[in-house]
Structures are given as structure tokens and as C-alpha cells.
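>
Residue numbers (our numbering): 1 to 190.
#1: How long is the line joining the alpha carbons of residue 188 and residue 129, rounded to whole angstroms?
#2: Could one say the Cβ of residue 110 lies closer than 9 Å to chain C's Cβ atoms, at least one of them?
#3: Specify, as a first and last residue, the run of the alpha helix (DSSP H) that residue 76 falls within.
#4: Would you kindly check if the distance between the Cβ of residue 164 and the Cβ of residue 55 is under 9 Å?
#5: In whole angstroms, give me the CA-to-CA distance for residue 35 and residue 71.
#6: Can you tell me whether residue 98 is helix, strand or coil according to DSSP?
#7: Report yes if the C-beta distance between residue 131 and residue 118 is below 9 Å; otherwise report no.
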């Protein structure tokens, strides 16, 4: 048996084709935690973005990863500075997620935050924080896969994590509709 080149018919006509809308709908069934990646820009100005693509990669050496949209404004600044903090959001921090999940508005305006010992912003009320330096970056479609070498960990706080599921927060209602607000899939996190 040999492989043959097949020209696919129109993608929209195929019910299983991976269109952006179908990707959102299908992969939205995978519940993820929500984080805010923070760092600094020119002159040490704080920057950050909401991110649901975060994972542990390795315990030895200690590595984590996140994915950031190429079109985002904060990620290129964080990349240039070389360090970042992953603020794992707790349930009930939808206001923080809304600030950092939108490309509009001032993310830090009126928000109390601290500078970590690594010079990156640490957000209040986070369930936990991971402080890291950019170790490797790989382009993957419209995103960068960022590998970070962990420099330090803040203790895990009490409470439940914020979850993103089917375009909304939480998993109480399995029929959650896709969010169209400032932190939904339509606004570019990153």
C-alpha cells in the first residue's frame, strides 16, 4: 500500500474538519486552569496576559511551558526581558482574568501587586506562583511555545483553581455557552 496525495474537498463541508470554530468548540471540552503570565517591558513597566495553555514539563531540570499568541502585545516584551511569573488564578478571580484577558484597558491600573525577588510582578490572591526565565521558544502556528526554567516557587494557597471550560469559567453547567466578553476566545490572550 502506498500513500497517495489527496486534495481535500472544501473544509467547511466536512463535519470533522479542524476549522477554527470547530477547534474552539471541540477543545473547549478540555477544562484548563487559568493563569496570568506577568513580566516587565521597557523601563520595568509591568505587563501581562491571561493564559490557559500552561503545563509542567520536567522536574529535573525544573521546566514549565506556556503558549503565547504571536499577535499579543505583552509576550514580546516579556520575551525580551527574559523572565516571567506564572500566577495561577484562584476560583473567584474572574476580575483579574478579565483585566489580563483583554487587549483593551490598563491591566495594572488600580490593582495592588508586588515585585518578586526576580523583578517580575506577583499578583494578589493567586493560588500559587511559578517564577521562571525564558529557556527556549519554539514557533508553532500562530503561537510560540515557551519553555521556562523555574527559578522559584511560591507556596500553594488554599482554595480552588479557576477553570476554563466550554468558553466559560467553572464546570458546574455542562452546557456552558461560549463567552463573547473581553476574556472569551475572540479576544487574543497573549
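For every residue, glycine included, the Cβ atom is placed at its ideal position computed from N, Cα and C. In this text, all values refer to a predicted model and were calculated from it rather than measured experimentally.
This is what the structure holds:
#1: Note that residue 188 scores a pLDDT of 44, beneath 50, so its modelled location is shaky; the value from the coordinates is reported in the next line. Going by the C-alpha atoms only, they are around 23 Å apart.
#2: The structure shown contains no chain C, having only a single protein chain.
#3: 74-81
#4: For residue 55 and residue 164, no; Cβs fall outside 9 Å.
#5: 18 Å
#6: helix
#7: yes
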